[in-house]
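What follows is a single structure, written as structure tokens, with notes after it.
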Amino acid sequence: MSRVSSALAPRCVAVIGGGPAGLMAAETLAAGGARVDLYDAMPSVGRKFLMAGRGGLNLTHSEPMAPFLARYGTRRDDLAPWLARFDPQALRAWAHELGVATFVGTSGRVFPTDMKAAPLLRAWLHRLRGAQVQFHMRHRWIGWDTDDNPGSAADGNEGAIALRFAVPEGEYTRHADAVVLAVGGASWPRLGSDGAWVPRLAQRGVPVAPLRPANCGFDADWSDHFQARFAGAPLKTVALSVTALDGSVVARRGECVASSTGLEGSLIYALSAPIRDLIAANGSAEVLMDLLPDVPQERVMREVSHPRGARSWSSHLQSRLGIAGVKAGLLRECLSRDAFADPARLARGIKALPIRLLRPRPIAEAISSAGGVALEALDAHLMIKHMPGVFCAGEMLDWEAPTGGYLLSACFASGVVAGEGVLAYLAGR
């Protein structure tokens, strides 16, 4: 990984946040000759990173760059320069430098060969400590000093930016020549990302879009019977589609889960952005579920029209189409009794079952969050335009992406861009 170098004496840079974006910014800065102090409110760094890797750490995705960038939706053009600087191939090479080999799964997702996050994080922290990055745990950033002029910090260092921290012993101020904020969004707050930073930046005139759940489940108005029988049941090999606010149809195929409150799982997460926006605009959103995406409509129509004799609809659908369990339960839940008396309506329901979703699950349950610092408030190096020396990176910025490695890829890349931006800024002072 190439770095911006500086011939100046080491400058003090504060990195606030010990997730992938903050750690990558710290590595970039240390490699460029800066003296780096990394602060995090938790007892250890990388807690959300470790949690994300519990089911297998999905580092990035192997698909070509054009569809890869399309996963970032309306922010595609904004994130393209980050990912050009540190693309999925560079991310895999970086992991290999840490001694962590990767492989491409059948879905195109990229994982460490052992599927675990902990060995990569341990190797990374060992390298950062070897580069003299100083870690300060249980340091919660609580804002700026009332006096932003350079002053003497407790360790005698001079700096231009005064940062206030709460520690177990009380509060104190540290100074730095520049700062990288990588404090996350508001998902999984128990791991450190609680969104408490929003008013601290808003008070300084930084535009911040409201934080909203992303990659989240949604509530539906299930009957007591459906909840009791099918809560937690997986819906395998189905497809979902939704007509977004702009009129475009977004469709995905995969798996999800009928939870006690609605729908959860990777398939629903992939459509969470348009569903969330529809609910915000209209009060609810209708998604269409294809219960048999591998079976053509014509065959479905033929099978439901086949005489069923004395058999119940449940027995008939199971024997003719293999529809049973939660799929049969959903048909009963979402179609009227009259629809079962009309083969054409029943066939349409099997291929496009309307499910009304009422609200996203709380942001604390979401895998990630949308909203954050407006990218328009930042320059190309991710520095806040009206706050020289203050840079932002990671999930606290206003972009979102589905699961599948896209979230981590952009977080890593933003850390590289912000770190190099700090080095360029300090070299130009």
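Counted from 1, the sequence shown has number 144 at position 144 by the UniProt record's numbering; the numbering is strictly sequential.
In this text, a Cβ means the ideal position worked out from N, Cα and C, and glycines have one as well.
Quick caveat, the model's predicted, so the values are computed rather than measured.
{"Item": "From the DSSP output, which residues share a beta bridge with Tyr39?", "Value": "Ile16 and His136"}
{"Item": "Reducing DSSP to helix, strand and coil, say where Cys411 ends up.", "Value": "helix"}
{"Item": "Excluding the 5 residues flanking Cys256 on each side, which residues of the same chain have their C-beta closer than 8 Å to its C-beta?", "Value": "Pro234, Leu235, Val238, Leu240, Leu263, Glu264, Gly265, Ser266, Leu267 and Ile268"}
{"Item": "Assuming Gly18 and Asp37 are in contact, meaning their beta carbons sit under 8 Å apart, how far apart are those beta carbons, in whole angstroms?", "Value": "In fact, because the Cβ distance is near 12 Å, the residues do not count as touching under 8 Å."}
{"Item": "Compare the C-alpha of Pro354 against each of Leu397, Arg308, Met289 and Ala380 and name the closest.", "Value": "Met289"}
{"Item": "Quick one: what does DSSP say Ile350 is sitting in, helix, strand or coil?", "Value": "helix"}
{"Item": "Helix, strand or coil: how does DSSP classify Met289 here?", "Value": "strand"}
{"Item": "Which runs of the beta strand (DSSP E), 3 residues or longer, sit entirely within the segment 161-235?", "Value": "161-167, 170-176, 178-181, 208-214 and 218-220"}
{"Item": "Buried or exposed: Leu245, going by 16 or more other Cβ atoms within 10 Å of its Cβ?", "Value": "exposed"}
{"Item": "Relative to the alpha-carbon of Asn58, which residue among Gly421, Leu407 and Ala270 has its alpha-carbon at the smallest distance?", "Value": "Leu407"}
{"Item": "Between Asp219 and Ser193, what straight-line distance do the alpha-carbon atoms span, to the nearest angstrom?", "Value": "24 Å"}
{"Item": "To the nearest angstrom, how far is it from the Cα of Trp222 to the Cα of Cys392?", "Value": "42 Å"}
{"Item": "Given this structure, state the Cα-to-Cα distance separating Glu376 from Ala80, to the nearest angstrom.", "Value": "15 Å"}
{"Item": "Rounded to whole angstroms, what is the Cα-Cα separation between Cys12 and Ile275?", "Value": "44 Å"}
{"Item": "So, is Val249 buried or exposed, given that buried needs 16 or more other C-beta atoms within 10 angstroms?", "Value": "exposed"}
{"Item": "Count the other C-beta atoms from every protein chain shown that fall within 10 angstroms of the C-beta of Pro207, then say buried if there are 16 or more, exposed otherwise.", "Value": "exposed"}
{"Item": "By a C-beta neighbour count over all protein chains shown, 10 Å radius and 16 as the cutoff for buried, is Asp148 buried or exposed?", "Value": "For Asp148, the predicted model reports a pLDDT of 47, less than 50, meaning its position is unreliable and no value from the coordinates is stated."}
{"Item": "Decide if Asp177 is buried, meaning its Cβ has at least 16 other Cβ atoms within 10 Å, or exposed.", "Value": "buried"}
{"Item": "Spell out the partners DSSP gives Ala239 in its beta bridges.", "Value": "Arg253 and Asp290"}
{"Item": "With a threshold of 16 other CB atoms inside 10 Å of the CB of Lys385, please say whether the residue is buried or exposed.", "Value": "exposed"}
{"Item": "Mind checking whether Pro402 and Asn215 have CB atoms under 8 Å apart?", "Value": "yes"}
{"Item": "Kindly indicate which residue of Phe230, Ser312, Gly217 and Ala281 has the alpha-carbon position closest to the one of Ser272.", "Value": "Gly217"}
{"Item": "Given this structure, state the Cα-to-Cα distance separating Arg129 from Arg204, to the nearest angstrom.", "Value": "33 Å"}
{"Item": "Where does the unbroken alpha helix (DSSP H) through Ser314 begin, and where does it stop?", "Value": "Trp313 to Leu321"}
{"Item": "Would you kindly work out how many angstroms separate the C-alpha atoms of Phe49 and His126, rounded to a whole number?", "Value": "16 Å"}
{"Item": "Could you check how far apart the C-beta atoms of Val390 and Leu181 are, in whole angstroms? I think they sit under 8 Å.", "Value": "7 Å"}
{"Item": "Tell me, to the nearest whole angstrom, how far the beta carbon of Gly419 is from that of Thr60; I am working on the premise that it is less than 8 Å.", "Value": "Not a contact, Cβ separation roughly 19 Å."}
{"Item": "Is Val100 helix, strand or coil when you go by DSSP?", "Value": "coil"}
{"Item": "Which residue wins for smallest C-alpha separation from Cys411, given the options Val167, Met115, Val183 and Glu169?", "Value": "Val183"}
{"Item": "Determine the direct distance from the alpha carbon of His175 to that of Thr421, and round the result to whole angstroms.", "Value": "Reading off the sequence, residue 421 comes out as Gly, not Thr. Using only the alpha carbons, I get a separation of about 19 Å."}
{"Item": "Can you list, in chain order, the residues of its chain with a C-beta nearer than 7 Å to that of Ala324? Leave out the 5 residues immediately preceding and following it.", "Value": "Gln318"}
{"Item": "Can you give me the C-alpha to C-alpha distance between Arg429 and Phe68, rounded to a whole angstrom?", "Value": "37 Å"}
{"Item": "List the endpoints of the continuous beta strand (DSSP E) containing Phe111.", "Value": "Arg109 to Pro112"}
{"Item": "Just to confirm, is the Cβ distance from Gly22 to Gly415 under 8 Å?", "Value": "yes"}
{"Item": "Of the residues His136, Gly349, Ile279 and Ala341, which one's Cα is nearest the Cα of Ala328?", "Value": "Gly349"}
{"Item": "Taking the beta carbon of Thr74 as the centre, do at least 16 other beta carbons fall within 10 Å, making it buried, or is it exposed?", "Value": "exposed"}
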